[in-house]
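A short worksheet on the structure shown next.
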Ligand SMILES: Cc1cc2nc3c(=O)[nH]c(=O)nc-3n(C[C@H](O)[C@H](O)[C@H](O)COP(=O)(O)OP(=O)(O)OC[C@H]3O[C@@H](n4cnc5c(N)ncnc54)[C@H](O)[C@@H]3O)c2cc1C
Ligand SMILES: Nc1ncnc2c1ncn2[C@@H]1O[C@H](COP(=O)(O)O)[C@@H](O)[C@H]1O
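Protein chains in written order, with our numbering: chain A, 986 to 1243; chain B, 241 to 543.
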């Protein structure tokens, strides 16, 4: 059995700031593994440990995603090997383009039984790359997955639905997007990171993958800052809680909030 | 210019906003329903021009009809495909987008037809900036679904397609036992963060909620991870976006992904023991201090 984990090497918008002209300043943001992708790796790792499956990490993106630092960060969490597509032209790629490239990588790897992804990427948070990827492959996708057991052809998948949970049986290959709390990711230790440096890394050339083109072209014609209400920013002295409470209630009544 | 649109529906007929957006584009509006027949019947009265329903065995989830749904959409290719933010609809929208080789946008604030293109103002990177994006070719949009139609409007006929399902079956369904809530209907909302030390301490918050007349909501880790509340109660970029009169953030650090969910609130109050907490940058009234002292004091003052 072959399990692929799609992970993203990217930046956290918490460390970015928007300039008055609507462009985004990323200069203070350090690249890293997207917040929820270690959860996907851990869910897949546990399944691989039970089934003896091979665990392959896949990432595609802009310059930097295939660096030794990035590959080791992913490998250190228990992947057997990684396959990357690093290309400057993917810097501004949309969800569909990234999914189309990922689909070609999965076909290149061959005989993949299962793709596991994170819930949402920390920069874009579209929750759509896994679903478009499944569409490209003609496989079913399931989101909000909390558990995966069984083996290829006979998977039992727990997932959350609005208001509850379900257990599904999946008889063929599938793409599973894990919920943010599906597993507690392990923090890799020194030994894991040392071992990671020795694991195989395959870099694929984007042009050689022959990804079929999109039917839509997106052109950014303008940028702006979202309109935000101006907040009062008043601090209430809390030395005496009872007095602070009175002061707050007076302010809220004046504002018509109570 | 006008463009045609398809609305994608899974298990819930919550399409009010999707119909409004699709209608504003001026062309025909179709709906493809991958969920139960009963959902297709409700959607047929939502103001769309036609409904296609994927007829599949009862024990398959809507997602298993993704290929049949993509086929139906591609048979009459639209410029715009729309779906609500539920997990099932996301999967179906992804299948349609892949089939159409469409662009995908998930932060649309507005959608308009200009010349022969579709122009979307799209919020990016946790809503810190907006991009105006002109799309030539098909575009798939993930939007807030809106409410379900009342069901008493005129109905259009339902066309049926048979859906050989992808290999997925539902073997068990259970409800999680948390009360369902519509946070958008609440005038006042209290948001609880990880500053609360234990689930039992929610009693403090409940007492305040009763005194203020507020609904209780939370940050993502409180619902996902701690599991103190249902996931429909968490606020933020991946959760609910609300615009109440009053939002009271208690023990919430105020990270970007949480605060974008309350930018529409009329008044924001925060209680946090850390004077440097990010939440204070976006509040009208800030109280730096221990919630265990301040919350009971406010509850008492309201009585
Ligand atoms: C892609 C992505 C999407 C996300 N989407 C969402 C989302 O939709 N919604 C969301 O909420 N989060 C989301 N998050 C998570 C978000 O980044 C934050 O991690 C989360 O909001 C923090 O939750 P918190 O404020 O409860 O916890 P913490 O950040 O741990 O903050 C707890 C706060 O409580 C304060 N505190 C502690 N003790 C006390 C006390 N006795 N009295 C008063 N204050 C006290 C602390 O000073 C601290 O500020 C997302 C993250 C990512 C990467
Ligand atoms: N460029 C990428 N390379 C590999 N996996 C990705 C990439 N972008 C997104 N993913 C996967 O898809 C998930 C959801 O991403 P998104 O749709 O951007 O929110 C992530 O958690 C990853 O598992």
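Using N, Cα and C, we set each Cβ at its ideal position, and we do this for glycine too.
For residue 1221 of chain A, the enclosing beta strand (DSSP E) covers residues 1219-1221.
In summary, residue 1139 of chain A is exposed, with fewer than 16 beta-carbon neighbours lying within 10 Å of its beta-carbon over all protein chains present. By the rule that beta-carbons nearer than 9 Å mark a contact, residue 1217 of chain A touches chain B.
Among the CB atoms of chain A, none fall inside 9 Å of the CB of residue 292 of chain B. For the pair residue 1224 of chain A and residue 542 of chain B, the Cα-to-Cα distance works out to about 19 Å. Remark: the shortest separation between the CB of residue 490 of chain B and any heavy atom of ligand 1 falls under 8 Å. For residue 475 of chain B, none of the residues of chain A pass the 8 Å Cβ criterion, the least Cβ distance being about 15 Å.
Boundaries of the beta strand (DSSP E) harbouring residue 1136 of chain A: 1126-1136, taken from the DSSP string.
Residue 525 of chain B is bridged by DSSP to A:1219 and B:509. Chain B places a beta carbon closer than 9 Å to that of residue 1080 of chain A, counting this residue as a contact.
Excluding residues up to 5 positions away in sequence, 1103, 1163, 1165, 1167, 1168 and 1170 lie with their Cβ nearer than 7 Å to the Cβ of residue 1024 of chain A in the same chain. Taking a cut-off of 8 Å on C-beta distances, the region 1175-1183 of chain A does not touch the region 1023-1037 of chain A, as fewer than three cross pairs fall below it. Residue B:300 holds the alpha-carbon nearest to the alpha-carbon of residue 1126 of chain A among B:438, B:300 and B:399. In the displayed model, residue 1026 of chain A falls within a helix according to three-state DSSP.
The region 323-375 of chain B is shown to contain whole alpha helix (DSSP H) runs of 4 or more residues at 327-340, in chain order. Exposed is the label assigned to residue 350 of chain B, since fewer than 16 other Cβ atoms lie within 10 Å of its Cβ.
For the 9 Å CB-CB criterion, residue 334 of chain B and residue 1198 of chain A do not form a contact. Excluding residues up to 5 positions away in sequence, 319, 320, 321, 342, 343, 344, 345, 358 and 360 lie with their Cβ nearer than 8 Å to the Cβ of residue 379 of chain B in the same chain. Cβ neighbours of residue 1047 of chain A within its own chain (closer than 7 Å, five residues either side excluded): 1073, 1075 and 1076.
Near ligand 2, meaning a Cβ closer than 7 Å to any of its heavy atoms, lie the following residues in chain order: A:991, A:992, A:993, A:1019, A:1021, A:1022, A:1025, A:1043, A:1044, A:1045, A:1046, A:1080, A:1083, A:1087, A:1102, A:1103, A:1104, A:1105, A:1106, A:1109, A:1110, A:1111, A:1112, A:1113, A:1114, A:1115 and A:1162.
CA-to-CA, the gap between residue 1119 of chain A and residue 340 of chain B works out to about 14 Å. In the DSSP assignment, the residues bridged to residue 1039 of chain A are A:987.
If you compare the alpha carbons of B:302, B:444 and B:539 with that of residue 1128 of chain A, the shortest gap goes to B:302. Of all residues in the region 1102-1117 of chain A, only 1104, 1105, 1108, 1109, 1110, 1111, 1112, 1113, 1115, 1116 and 1117 come within less than 8 Å of chain B when Cβ atoms are compared, listed by chain position. Judged by pairs of C-beta atoms under 8 Å, the region 425-435 of chain B touches the region 446-461 of chain B, as three or more such pairs exist. Proximity of the beta carbon of residue 475 of chain B to ligand 1 is indicated: a heavy atom of the ligand is located closer than 8 Å. Residue 478 of chain B belongs to the set of residues whose beta carbon lies under 9 Å from a beta carbon in chain A.
Under the three-state reduction of DSSP, residue 1013 of chain A is assigned to coil, being neither helix nor strand.
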